[in-house]
Amino acid sequence: MAVGDSRVTNYDTIADKYDRRYTLHRYDGIRDTILSFLGSAERSAILEVGCGTGHWLQVMSGRARIVAGMDVSANMLSRAREAAPLASIVRARAEQLPWRAAAFDRIVCVNALHHFTDREGFFAEARRILESGGGLLTIGLDPHTERDEWWVYDFFPETRAIDRARFVPVRIIRGEITKAGFAWAESFETDRLETQFSLRDAFPNGVERAFTSQLTVLTDAEFGAGLARMRDAGDDVRLTADLRLYATLGWLS
Ligand SMILES: C[S@@+](CC[C@H](N)C(=O)[O-])C[C@H]1O[C@@H](n2cnc3c(N)ncnc32)[C@H](O)[C@@H]1O
3 MAVGDSRVTN
13 YDTIADKYDR
23 RYTLHRYDGI
33 RDTILSFLGS
43 AERSAILEVG
53 CGTGHWLQVM
63 SGRARIVAGM
73 DVSANMLSRA
83 REAAPLASIV
93 RARAEQLPWR
103 AAAFDRIVCV
113 NALHHFTDRE
123 GFFAEARRIL
133 ESGGGLLTIG
143 LDPHTERDEW
153 WVYDFFPETR
163 AIDRARFVPV
173 RIIRGEITKA
183 GFAWAESFET
193 DRLETQFSLR
203 DAFPNGVERA
213 FTSQLTVLTD
223 AEFGAGLARM
233 RDAGDDVRLT
243 ADLRLYATLG
253 WLS
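See below:
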């Protein structure tokens, strides 16, 4: 499969393993950025687009009169219903948000934008359903900075090119957000995931594709070759991650 071909993660098949990431990393930076984006006053309505299993919905619960989460994956959403029982959960696509104009004052989108087939369509929809003065927060990797180190990129080298194809640089995200009608946009580093663990400690039963979407989109041959590289390196090999996550904020006037 050529790099740049669409490699789509089916989250329905990995929903039961998805939350493993939250036991390996704390993501305090993301949490702080979301909470400061929401502010100290009670908000009227918050939406998380691509909410997955509801990890961030849980954090946002109680911070607005309405907290809503939407996602395209039914299996991710059934976990979100358990994680955030007070949130309103809706199955839909980011490119066509089923809400009236000006329904929310904050929209959050964490680690999901790179999956959307029409990013600009999503930004136009976010603009439409935000009220005046409302804000959009997106958080994700920017592999174009070439500052990241990750054992996934090392053992499964195809994933680096796949990520460069599906994640756009944050300056492009800012451009698209202002093109959609937001008054201004800014980006900053929000979290840095720095970890080292042994293969044996982290994955006693072997690495599973469900660990991260980068692995789910590999062909069986690519995934098998990566596992063989890991086996050759031995159980005590250190798995290093040094990944930066960037927040981009867009504000309506
Ligand atoms: C990496 S997960 C992030 C989940 C959650 N935001 C978190 O940070 O834990 C990406 C999510 O985006 C969802 N997704 C992918 N494409 C989508 C689309 N077009 N519209 C809505 N959700 C989508 C997936 O189903 C998945 O649950």
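Start counting the sequence shown at 3; every next residue gets the next number (my numbering).
Glycine included, each C-beta is placed from N, C-alpha and C at the ideal position.
Note that the structure is a prediction, hence the values are computed from the model and not measured.
Quick check on ALA82: does DSSP put it in helix, strand or coil?
helix
Please state whether the Cβ-Cβ distance between ALA105 and ILE131 is less than 8 Å.
yes
Could you tell me the distance, in whole angstroms, from the CA atom of LEU88 to the CA atom of ARG33?
19 Å
Which residues share a DSSP beta bridge with ASN152?
The sequence given here has Trp at residue 152, not Asn. Answer is ALA243.
Close beta carbons around GLU44, own chain, < 8 Å, minus the five adjacent residues each side:
ARG65, ALA66, ARG67
Please determine, among PRO159, SER134, ARG166, GLY123, the residue with the shortest C-alpha to C-alpha distance to GLY142.
ARG166
Ordered list of beta strand (DSSP E) runs contained in the stretch 122 to 194, each at least 3 residues
132 to 143
In terms of alpha-carbon separation, which member of ARG240, VAL92, LEU49 lies closest to LEU139?
LEU49
Taking 8 Å as the threshold (C-beta atoms), are LEU220 and PHE118 in contact?
no
With a cut-off of 8 Å, do at least 3 Cβ pairs link the stretch 235 to 253 to the stretch 210 to 217?
no
Buried or exposed for ASP193, please, with buried defined as at least 16 other CB atoms from any protein chain shown within 10 angstroms of its CB.
buried
Where LYS19 and ALA212 are concerned, what is the direct C-alpha to C-alpha distance, given to the nearest angstrom?
6 Å
Quick one, are the C-beta atoms of ALA86 and MET72 less than 8 Å apart?
no
Tell me whether THR55 is buried or exposed, calling it buried when 16 or more other Cβ atoms sit within 10 Å of its Cβ.
buried
Measuring CA to CA, which of ARG176, ARG168, ILE36, ASP144 is closest to CYS111?
ILE36
In or out: GLY6 buried (at least 16 other Cβ within 10 Å) or exposed?
Because GLY6 carries a pLDDT of 42, less than 50, the predicted location of this residue cannot be relied on, and the following value inherits that uncertainty. Result: exposed.
Bridge partners for SER255 per DSSP, in chain order?
SER255 pairs with nothing; no bridge assigned.
Please tell me whether, using a cut-off of 7 Å, the distance from the CB of SER63 to the nearest non-hydrogen atom of ligand 1 is below it.
no
Determine, using beta carbons only, whether ARG102 and ILE91 come nearer to each other than 8 Å.
no
Look up THR55 in the DSSP assignment and say whether it is helix, strand or coil.
coil
Please list the terminal residues of the continuous alpha helix (DSSP H) segment that includes PHE106.
Careful: PHE106 lies outside any alpha helix (DSSP H), inside the beta strand (DSSP E) at 106 to 112.
Would a C-beta distance cut-off of 8 Å place ALA182 and ARG129 closer than the cut-off?
yes
DSSP state of MET3 mapped onto helix, strand, coil:
Because the pLDDT of MET3 is 39, which lies under 50, any placement of that residue in the model is unreliable, and the number read from its coordinates should be weighed accordingly. DSSP places MET3 in coil when its eight states are reduced to three.
Quick one: what's got a C-beta closer than 8 Å to ALA76's C-beta in the same chain, skipping five residues either side?
ASP14, ARG93
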